[in-house]
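According to numbering that gives the first Met the number 0, the residues represented by the sequence shown are 0 to 323, in order.
What follows is one structure encoded as structure tokens, with my remarks underneath.
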Amino acid sequence: MMALSSSGEPMGSVFNIQRYSIHDGPGIRTVVFLKGCTLGCQWCANPESIHGFREVMFSPEKCIGCGLCVGLASNGEVEKDAAGTIVIHRERIRPSDLEWAEVCPSGALTVVGRRRGVQDVMNEVARDSLFFDRSGGGVTFSGGEPLLQPSFVASAAREAHRRGFNTVVETCGAVPLRAVECVINDIDLFLCDLKVLDPTVHQIATGGTNLLVRQTIEWISQQAPGRICVRTPLVPGVTMSLAQIDDNVAFLRKVGVRHYDVLPFHRLGSSKYAGLGLIYACSDMEPPPSEEVVAIRQRIRAAGLNTEFPEISVPDIGGRVLDR
Ligand code: SF4
């Protein structure tokens, strides 16, 4: 059931709002990251997005040893060992009671995920309206999987349009159709992942089936042609082979998708795994050489698909004075 504020406004579980992004849709964009995902890709750059519940990230290098957290950890979530080092007991953490982490004065402990209302989120997004106006940018809803919170996304996107901002969703595609239907009228561009068509490889690499991914891509392409760009993360040894790219291209052409790009694997999110008490499975993996990425993009274009974002227009505001 959709979470509502006391005033009846939809609430979303948000873990970050990132400004000045140039890779998450056309122009300069502000990206609203929502918590919770339907997949668990080995190479995920946002591991704090995978679980829907609030989590605690620990950066020991920032700890000043004040002990405030230990004093408030009533369930033994954190303690100082004999050497005075802070030790987190993650199995004892209760997402509903994270006051012991919230008091940390140095930023060594941070709580990831917060319920926020549509107006609160969009007021923050609106700080960048000048950049949107000048670059053709707008707001992008990402995650995690933003369509796990479709009512919030639809409501926030409507508010974005009311303020004159265009809207993009980045989705893994592994969502029920009713979630896509919920937002289809409020989203100007869908950036949908297609990791790999082989169902076994997909299951092993992401922890989930790609049946819904195929269905989502096909449905959006039929309902909103020109409003979908499919992207494949180029993960060496997993998704990155010419045969797999050719398969993807054939599938996308068959279902009418015209925009397809690749995103080279990187390790920028790797340090977050340790902070969350997780193991990063791709620590030995190297990013693909740039010349191979260029060659794959040329191959996609040679097959008749466009590797650029589709044009999206700023919503028609009918000459109204915007209340941003
Ligand atoms: S509250 Fe923060 S700085 Fe103080 S001991 Fe705990 S982790 Fe370290």
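No residue lacks a Cβ here, since even glycine has one placed at the ideal position from N, Cα and C.
Ordered along the chain, which non-local residues of its own chain (more than five positions away) have a Cβ less than 8 angstroms from that of residue i?
| i | result |
| --- | --- |
| Glu-158 | Val-117, Gln-118, Met-121 |
| Arg-113 | Ser-12, Val-13, Phe-14, Arg-53 |
| Ile-244 | Thr-231, Val-261, Ile-295, Arg-298, Ile-299 |
| Phe-280 | A quick correction: the sequence has Ala, not Phe, at residue 280. Only Gln-41, Trp-42 meet the Cβ criterion. |
| Phe-32 | Val-13, Phe-14, Asn-15, Ile-16, Gln-17, Asn-45, Ser-48, Ser-141, Gly-142, Gly-143 |
| Gly-268 | Cys-43, Ala-44, Asn-45, Pro-46 |
| Leu-196 | Asn-209, Arg-213, Gln-243, Asp-246, Asn-247, Phe-250 |
Can you list, in chain order, the residues of its chain with a C-beta nearer than 7 angstroms to that of residue i? Leave out the 5 residues immediately preceding and following it.
| i | result |
| --- | --- |
| Trp-99 | Cys-68, Leu-71, Ala-72, Glu-76, Val-77 |
| Gly-274 | Met-56, Phe-57, Ser-58 |
| Ile-21 | Ile-27 |
| Val-292 | Leu-233, Val-261, Pro-263 |
| Val-110 | Arg-53, Val-55, Leu-97, Ala-100, Glu-101 |
| Leu-277 | Pro-46 |
Note the first and the last residue of the continuous alpha helix (DSSP H) segment covering residue i.
| i | result |
| --- | --- |
| Gln-222 | 210-222 |
| Val-292 | 289-301 |
| Ser-150 | 149-161 |
| Ser-4 | No alpha helix (DSSP H) contains Ser-4, which DSSP labels as neither H nor E. |
| Thr-37 | Looking at the DSSP string, Thr-37 is not in any alpha helix (DSSP H), and its letter there is neither H nor E. |
| Ser-329 | Past the boundaries of the shown model lies residue 329; the chain is included only from 0 to 323, so the question cannot be answered. |
| Glu-60 | Here Glu-60 belongs to no alpha helix (DSSP H), and DSSP marks it neither H nor E. |
| Leu-129 | 128-134 |
| Arg-93 | It is not in any alpha helix (DSSP H) - Arg-93 carries neither H nor E in the DSSP assignment. |
| Val-200 | 198-205 |
| Leu-383 | Residue 383 lies beyond the stretch modelled for the chain, which goes from 0 to 323, so this question has no answer here. |
| Arg-177 | 176-182 |
| Glu-285 | It is not in any alpha helix (DSSP H) - Glu-285 carries neither H nor E in the DSSP assignment. |
| Glu-101 | 98-101 |
Between which residues of its own chain and residue i is the CB-CB distance below 6 angstroms, once the five residues before and five after are set aside?
| i | result |
| --- | --- |
| Asp-185 | Ala-153, Ala-156, Arg-157 |
| Ile-49 | Cys-36, Gly-39 |
| Val-86 | Glu-78, Asp-80 |
| Gly-318 | Model confidence at Gly-318 stands at a pLDDT of 44, short of 50, so the residue's coordinates are unreliable; what they give is reported in the following sentence. If we look at Gly-318 and ignore the five residues flanking it on each side, it has no Cβ neighbours. |
Would you decide whether residue i is buried or exposed? Buried here means 16 or more other CB atoms lie within 10 Å of its CB.
| i | result |
| --- | --- |
| Pro-9 | buried |
| Ile-27 | buried |
| Glu-180 | exposed |
| Glu-54 | buried |
| Leu-251 | buried |
| Arg-115 | buried |
| Pro-384 | Coverage of the chain is limited to positions 0 through 323, which leaves residue 384 absent and any answer about it impossible. |
| Asp-283 | exposed |
| Arg-126 | exposed |
| Ala-249 | exposed |
| Lys-34 | buried |
| Arg-162 | buried |
| Ile-203 | exposed |
| Glu-169 | buried |
| Ser-6 | exposed |
| Ile-63 | exposed |
| Tyr-19 | exposed |
| Gly-172 | buried |
| Gln-221 | exposed |
| Thr-238 | buried |
| Ala-82 | exposed |
| Lys-194 | buried |
| Gly-236 | exposed |
Would you list the one or two residues that DSSP bridges to residue i?
| i | result |
| --- | --- |
| Phe-32 | Asn-15, Ser-141 |
| Tyr-259 | Val-229 |
| Leu-67 | Answer is none; Leu-67 lacks a bridge partner. |
| Glu-394 | Limits of the chain in this structure are 0 at one end and 323 at the other, which puts residue 394 out of reach. |
| Ile-85 | Lys-79 |
| Leu-190 | Glu-169, Cys-228 |
| Asn-305 | His-258 |
| Gly-116 | Met-10 |
| Pro-235 | Met-239 |
| Ser-20 | Arg-28 |
Got a sec, what are the start and stop residues for the beta strand (DSSP E) residue i sits in?
| i | result |
| --- | --- |
| Thr-109 | 108-111 |
Notebook entry, point to check: Does the count of Cβ pairs from the stretch 36-56 and the stretch 127-136 closer than 8 angstroms reach three?
Noted result: Below 8 angstroms, too few C-beta pairs join the stretch 36-56 and the stretch 127-136 to call them touching: fewer than three.
Note to self: Within 8 angstroms, do at least three Cβ pairs link the stretch 77-97 to the stretch 137-149?
What the structure shows: Cβ pair count under 8 angstroms is below three, so no.
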